[in-house]
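Please read the structure below before turning to the comments.
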Amino acid sequence: ALSSVTRTTFCGTLDYLAPEMIQGKGHNHTLDIWSCGVLLYEMMVGRPPFQSTNHVTLINRILSLELRFPAFVNPDIQGLVGRLLQKEPTERMPLDEVP
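Per this note's numbering, the sequence shown starts with residue 826, numbered consecutively.
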């Protein structure tokens, strides 16, 4: 099954990396759910959610889940992004449940 496949490769753009990849833990398809949350945030706001020019700051923001929304972002979208960007991979909303 897809959910049982675990990988340990490190790849991707830092702004889109999920906490488990940054921490060097194994990861699976839930990594893509995280990336979808980052992309949705970026489409709504115009920048990635944890953006920083300093890599250490960016990593710390991702690991501490410093997620802030501008006032113009619809609360329903905020909730959806929040469900996709869960630090614990098993708590992320499955993509087939996204409205």
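We treat Cβ as the ideally placed atom computed from N, Cα and C, and that holds for glycine.
All of these numbers come straight from a predicted model, not from anything done at the bench.
Residue 844 sits close to residue 888, with the two beta carbons spaced by under 8 Å. The C-alpha of residue 857 is placed about 11 Å away from the C-alpha of residue 918.
Judged by DSSP in its simplified three-state form, residue 854 adopts coil rather than helix or strand. DSSP places residue 883 within a helical segment (H, G or I) once states are collapsed to three. For residue 906, the enclosing alpha helix (DSSP H) has its first and last residue at 900-909. Following the DSSP letters along the chain, one finds residue 844 inside the alpha helix (DSSP H) bounded by residues 844-847. Our two residues, residue 920 and residue 880, have alpha carbons roughly 29 Å apart in a direct line. With at least 16 other beta carbons inside 10 angstroms of its own, residue 886 counts as buried.
Nearest to residue 924 by C-alpha distance, out of 865, 875, 912 and 838, is 865.
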